[in-house]
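Each remark here refers to the structure printed beneath this line.
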Amino acid sequence: MVEYDPHIIEKKWQENWEKSKIFEVKEDLTKKNLKYYVLEMYPYPSSELHMGHLRNYSIGDAFARYKRMCGFNVLYPMGYDSFGLPAENAAIDHGVDPRKWTNSNINAIQQQQKRIGLSYDWTRMIYSHDPNYFKWDQWFFLKMFEKGLAYRENSYVNWCPDCVTVLANEQVQGGKCWRCNTDVEQKFLTQWFLKIRVYAEELLEGLNIVDWPEKVKLMQSNWIGKSEGSIIKFPIEGEERTIDIFTTRADTLFGATFMVFAPEHPWIREWVENTNYFKEFEQFYAEVVKQNKFERTDLDIEKKGMFIGKYAINPINNEKLPIYIGNFVIYEYGAGAVMAVPAHDQRDFEFAKEYNIPIKIVIQPYDYILNPEKMTRAYVSDGILFNSGEFNGMENRNAINAITEKLEQLEMGFATINYKLRDWLISRQRYWGCPIPIIYCESCGTVPVAYEDLPVKLPKDVKFTGKGNPLKTSKIYANVNCPKCNKPAKRETDTMDTFIDSSWYFFRYCDPESKDLPYRKNLVDYWGNVDQYIGGIEHAVMHLLYARFFTKVARDLNLHSLDEPFQRLLTQGMINKAHAYCPMCEAFAMKADMHNKECKRCGTKYILKSVKMSKSLGNTVDPISIMDNYGADAARFFILFGASPKSGLEWSDEGVDFAFKFIKKFFTLICEPVDKIRKERNIRDILIEYYLNRTIKSVTESLDKIAIRDSINEIIQFISELNKYKLEGVNKKIFEICKEKIVLLLHPITPHISEEIWETLGNQGFLSLAPWPSYNENVLTVENDYKWKLLNNTMDSVNNILHIIKITDIKELSIIVAEDWKYNLVSDLLELVEIMEDHKQIIKEVMKNDYYKKNSKFISQIVGNLLKNRGKYVRSPLTADEEYLFFTEIKSLFEKKYLCTINILYERDSHEKKAIQALPGRPAIILK
RNA sequence: GCGGGAAUUGCCAAGUCUGGUUAAAGGCGCUGGACUUAGAAUCCAGUCUCAUAGGAGUUCGGGAGUUCAAAUCUCCCUUCCCGCACCA
1153 MVEYDPHIIE KKWQENWEKS KIFEVKEDLT KKNLKYYVLE MYPYPSSELH
1203 MGHLRNYSIG DAFARYKRMC GFNVLYPMGY DSFGLPAENA AIDHGVDPRK
1253 WTNSNINAIQ QQQKRIGLSY DWTRMIYSHD PNYFKWDQWF FLKMFEKGLA
1303 YRENSYVNWC PDCVTVLANE QVQGGKCWRC NTDVEQKFLT QWFLKIRVYA
1353 EELLEGLNIV DWPEKVKLMQ SNWIGKSEGS IIKFPIEGEE RTIDIFTTRA
1403 DTLFGATFMV FAPEHPWIRE WVENTNYFKE FEQFYAEVVK QNKFERTDLD
1453 IEKKGMFIGK YAINPINNEK LPIYIGNFVI YEYGAGAVMA VPAHDQRDFE
1503 FAKEYNIPIK IVIQPYDYIL NPEKMTRAYV SDGILFNSGE FNGMENRNAI
1553 NAITEKLEQL EMGFATINYK LRDWLISRQR YWGCPIPIIY CESCGTVPVA
1603 YEDLPVKLPK DVKFTGKGNP LKTSKIYANV NCPKCNKPAK RETDTMDTFI
1653 DSSWYFFRYC DPESKDLPYR KNLVDYWGNV DQYIGGIEHA VMHLLYARFF
1703 TKVARDLNLH SLDEPFQRLL TQGMINKAHA YCPMCEAFAM KADMHNKECK
1753 RCGTKYILKS VKMSKSLGNT VDPISIMDNY GADAARFFIL FGASPKSGLE
1803 WSDEGVDFAF KFIKKFFTLI CEPVDKIRKE RNIRDILIEY YLNRTIKSVT
1853 ESLDKIAIRD SINEIIQFIS ELNKYKLEGV NKKIFEICKE KIVLLLHPIT
1903 PHISEEIWET LGNQGFLSLA PWPSYNENVL TVENDYKWKL LNNTMDSVNN
1953 ILHIIKITDI KELSIIVAED WKYNLVSDLL ELVEIMEDHK QIIKEVMKND
2003 YYKKNSKFIS QIVGNLLKNR GKYVRSPLTA DEEYLFFTEI KSLFEKKYLC
2053 TINILYERDS HEKKAIQALP GRPAIILK
C-alpha cells in the first residue's frame, strides 16, 4: 500500500506541469467564444505569503482549472504591483536598494505561490517596476496630456504626513490614509490630475453592464455621487460678477436668507481687506485652516462663521442676502459657496439660530402650518410652496423645475448635473514609482518628454533620508535640457500614484512583450475583458474605479474595443481567527498580552472573539507552515471548504485537520484494492450511479456560480457513500467509473493528489487537461430519486426504532410493504384534496369505493394527516410490487448492516398488528 | 443622519428567490459503542425536549399577519456588521 505523502506528490506534479508547459496559453482566434480570463487582483510583492493570498489564489486557481477542464482557452496570469512605499521605507530604514529589495521579494513570493500548485501561465508574468512596463504608464500619461486629460493645478490636497506624500480622494478613508491610517492633512500644492470626471457619467452607466456584487456597485455609484440640480447665479452687490452656486433645492430659493462662503474663497480676502472685518477674518481664517477638511465637516463640530460686510442678491426676488463665511463650507466642492435656507435645511437652521439670521418659511407641510418663531428644527420634507411669489401653491417637487425654468428665462441659472467624483490626483512625492515624463522649461513651459525618449527611468544616485522626495537628491535626474529649446530645464520629480500601474496591467497580460504599443488591439479584444476577477472589497472605489477609467480612456485611444475591464467580480471575505477580547474595554488583546487570561487594564477575564487576522494582534497563521505540515492540497481544501468565497472564513486548526484526514481517506478509498468484486449489476450499482450523476450535476452547477464550498460539500457526501459502497462490495465497472469521475470533480480543489491518482488509475495525459465529466440525465429519474430516498429513509427508521427500544441484539427485521389499494388511495386522496377541503366530505367521497369501506378507520386517520399536511404525501412512482421487489433487491444491505434475518413481506402475508401502518414509500418495520 | 447587508438547533454553516419531501444538509466539537494492552487513527450510532416501535412537544433575533401549510411570503420592532456622511 502506498502512503499518501503530499510533499512528494506535490513536488512531482508541480515539476511535471512546469516541464510540460501545460498552462501556457496562446490566443486561438477560431475559439473566440471559448476563451476565459480569470484574474486575481495584482498583488503587492510582500516577501511573505499570507492567508488572504492563499485564499485569493486558491479560489482563482480552482475556478481557472474548472473552466480549463470545461474546454475553455483559459488565460490565468500572475504578476506584481511592485512599485510602492514599502520598498522605499526599507531603503530609508535599512539602506537597501529598493530595486534589489523588491526583486528579492518577488522571488520569494513567487516560490511560495508555486508551492500552492497554481496553474498560472508564468510566461506572461509582469511587474510594475520593469522599465518595459512603466514605459507604458508614461506613454498613457503623455497621451492623456495631449488630449487634455492630464493637467496640473494648484489646490488644497490631501497630505499624509506618515507616507510623506499627497493622496487622491479615494485613498482617504474617514479622514485617514488608506495605507497607514494616519490623519490626513490639507496642503496647498501644485499637482498633476487626471480628468476622471469627464467619464463620470459613463462610469456610472457602466455599472449596469457588469456582474458585480450590488454592494460594490453601490459604493462606486455613491462615490461618483451624481446629483441633479440647478446652477443659480447670485449677483454680488456692487459688482459685475456673480457667484454661481449649485443646489438640488431650487424650490427653496425664496427662502434663502444668507450666503455662506468657504473662508479660503479668494474673493473673501479681497472683500475684507482694509475693512473693519479684516482682523476678525484673519483670526477666523487661521483657526479654520488649522482644522483639516475632515474635522471641519465632522457632524459634531460646532458650526462657526462670521459676517463679512458684503451682500449678494437673490436673483428671483432681488432680496439682499448677507454673505457669511463658515467653516463647514468646503472650497473644493462646487463653487465654494452655498445659498442658505434655514427653514428647510438643518445645517443652515442651526447656523441661522446661532447668528440671529431670519428664518423664512417657503414650504408648508400638507397637514399643519409652520411657525418660524416656534420651529426647533428645519422642515426638510415635501409640501406646498409659500412666500414664493408666483410659485405659491405649487408642490415643491414640481417647483424645482418651475423655478429653474424661470431662472433660465432670467438668464440667472440653469438645470445641471453635479458629480461628487473629483479628478484623480496622481502626483506622489516619493521615489519608488513611475516618473512623470514632464520637463519644465522657463521659456517653453511644461514640455512632455518625447515618446522615443521613454521610459524615463529612476536615477540611482539618490539619498533616502526619510525627509523629502529622494528624487530631488539626484544630481543627474532633475537637471535636463528642454526637449524643445535645449536650454537647461527642470524635470518633474514627482512620481505617479501606484494605482496607475494597476489600472491597465490586465491588458498587458494579453500581450506582455508588446513593443510598439502597450498591447496589441486584436489580442486584448480576443482575451478581454476579464471574465472573472477576484479580490478584496477594499478596492471597491480605488483600483476598481481607476481601472474602469483607464479602460475607457484606452478605448478612446483605439487601443481596444472594450467598455468595461472586469465582467464578473468576486469579492472574497476576510480570514478571521478567535482572539482574546475584553468585553469591558471592548478591545482585543494586543500581541504581547494575547496569552494572558485577564485584561491588563481592568482585570476582566478575556473571552474569545473572532477578528480579522492581523500582524498587530498576532493572530495570524502562516500558510507556509500549514503547507509544510499538511501539504498544499489540504491547505487549499480547507480554505475552500471553510466558507463560501464571499463570506468571512473562520480559521480553525481542527478544520485543517479534517481537510488532511479527508484527503488521506480519499487517497485510501481510491488506491486501496476492493475486497469484494461482483460481475453482475444490481440495484446498489444503479443507486450509486444515480448518486454519482446527481453529484456531478450539482458540483457542476455550484462551480459555475463559484460556490466552491457547496461543491466540496457534495463531493464529501458522495465520497462517504462511495466508501460504504466499496465496503459492501462493488461492481467493478461502476466502481471504476465512480473513481474516475470523483477524481475529476476534485481536481480543481486538490490538483496534486488528483493528478497522482489519475496517473495511478492508468490514465494517459494530464488530469489538468482532461475534460470535465458530464452527467447522464437519463439516470436522474424520479424513480431513482425515490428509491434513493426510500433506502435511506428506511434505514433511518430502523436506526430510530433501535434507538428508542434500546435493543442491541436483534434477530429478525421484517419490512412490510403496503397493500396495493393504499397506493391507489393516496393517489385518489391527492386528487380529492385538490377539489375539496372538508374532512367529512372527502371521506364520504372515498367511501363510494366499496373496497375502501373495509378500512374506514385507517382511511379516516390518513385523511386527517393528509389534510394537516398535504406536502408530506407524494404519489409514489412505484407500485406495491415494484416496491416489494426493490426491498428484496436491497435486502442484503440490511443483512450486512444489522446482521440478522431480514424478511420482506406484503402486508397481507404478515400477522403482525403493526403491519397496517405500512404506507406507500413507508413500509411497516418490525424488529424482534 | 442616509444607504446596504445580516441574525438558523454548542460553534461554523446550508436552506429563504421558487412555502409542503425540513427537527432543518454538511463540517467541527461533544457523548456512547466497535476495534485496540492503552492511546492515536478508523468505523458505527447519538447530539432541541420527552418517549421501550418509527410518536409527541417546542424551535430558525422579537412581535403581528397571510395560508390547509411559514426558517422561507407581508408588516412592525430589536440587535450586529459595513459603506457614505454638514454633498450644498
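Residue numbers (the numbering used here): 1153 to 2080.
Even for Gly, the Cβ is constructed at its ideal location relative to N, Cα and C.
Check: Selection from W1803, L1473, I1388, G1783 that minimises the alpha carbon distance to S1762; Outcome: W1803
Check: Same chain, Cβ closer than 8 angstroms to K1963, five either side skipped, listed in chain order; Outcome: C2052, T2053, K2080
Check: Distance CB(L1356)-CB(T1409) smaller than 9 angstroms; Outcome: no
Check: Residue environment, V1934, which counts as buried when at least 16 other CB atoms sit within 10 Å; Outcome: exposed
Check: Test item: CB-CB of D1646 and R1580 under 9 angstroms; Outcome: yes
Check: Element boundaries [beta strand (DSSP E), containing K1339]; Outcome: 1337-1346
Check: Beta strand (DSSP E) segment containing R1643, residue limits; Outcome: 1640-1643
Check: Bridge partners - F1705, DSSP secondary structure assignment; Outcome: Note that residue 1705 is Val in the sequence shown here, rather than Phe. V1705 is not bridged to any residue.
Check: Completely contained alpha helix (DSSP H) runs for the stretch 1265-1349, where each covers 4 or more residues; Outcome: 1283-1298
Check: L1942, enclosing alpha helix (DSSP H) - first and last residue; Outcome: 1934-1957
Check: 7 angstroms Cβ shell around C1751 - same chain, five flanking residues per side excluded; Outcome: C1734, M1736, C1737, Y1758
Check: Beta strand (DSSP E) runs contained entirely in the stretch 1795-1853, provided each spans 3 or more residues; Outcome: none
Check: Buried versus exposed call for M1779 [16 or more other C-beta atoms within 10 Å across all chains shown]; Outcome: buried
Check: Check whether S1654 and M1221 have beta carbons under 9 angstroms apart; Outcome: no
Check: Whole-number beta carbon distance between L1341 and V1705, since they are thought to touch under 8 angstroms; Outcome: Their Cβ separation, rounded to whole angstroms, is 24 angstroms, which puts V1705 and L1341 out of contact at 8 angstroms.
Check: 8 angstroms contact criterion, which G1212 and V1190 should meet: CB distance rounded; Outcome: 6 angstroms
Check: Assigned exposure category for N1548 - 16 Cβ within 10 Å defines buried; Outcome: buried
Check: Cβ-Cβ separation, P1467 to I1384 (assumed contact under 8 angstroms), whole Å; Outcome: 7 angstroms
Check: Residues near C1634 in its chain [Cβ-Cβ closer than 7 angstroms; skip 5 each side]; Outcome: I1591, C1593, C1596, V1599, A1641
Check: Residues of its chain near D1500, where Cβ-Cβ distance is below 6 angstroms and the 5 sequence neighbours each way are ignored; Outcome: A1492, V1493, P1494
Check: Through-space distance from F1235 to G1585, alpha-carbon basis; Outcome: 5 angstroms
Check: Check whether V1350 and V1412 have beta carbons under 9 angstroms apart; Outcome: no
Check: Beta-carbon proximity of M1230 to W1169, cut-off 9 angstroms; Outcome: no
Check: Host alpha helix (DSSP H) of I1555 (start-end); Outcome: 1548-1561
Check: Extent of the continuous alpha helix (DSSP H) run through N1915; Outcome: Unbroken run through N1915: none, as it is neither H nor E.
Check: For G1478, the residue or residues it bridges with in DSSP; Outcome: G1457
Check: Beta-carbon proximity list for I1822, same chain, < 6 angstroms, skipping 5 on both sides; Outcome: K1891, I1909
Check: Span separating the alpha-carbon of V1632 from that of K1612; Outcome: 16 angstroms
Check: A2067 - partner residues in DSSP beta bridges; Outcome: A2067 pairs with nothing; no bridge assigned.
Check: Terminal residues of the alpha helix (DSSP H) in which A1602 lies; Outcome: First-last for A1602: undefined, no H or E at that position.
Check: Nearest-angstrom beta carbon gap, V1368 and Q1343 [assumed within contact, 8 angstroms]; Outcome: Actually they do not touch by this definition, with Cβ atoms about 28 angstroms apart.
Check: Limits of the unbroken alpha helix (DSSP H) element including L1984; Outcome: 1972-1987
Check: As assigned by DSSP and simplified to three states, the class of S1966; Outcome: strand
Check: H1712 versus N1674 - alpha carbon distance; Outcome: 8 angstroms
Check: Whole-Å CB distance - I1515 paired with T1404, under 8 angstroms assumed; Outcome: 7 angstroms
Check: Within the stretch 1996-2065, ranges of the alpha helix (DSSP H) (whole runs, at least 4 residues); Outcome: 2002-2005, 2008-2020, 2032-2041, 2043-2050
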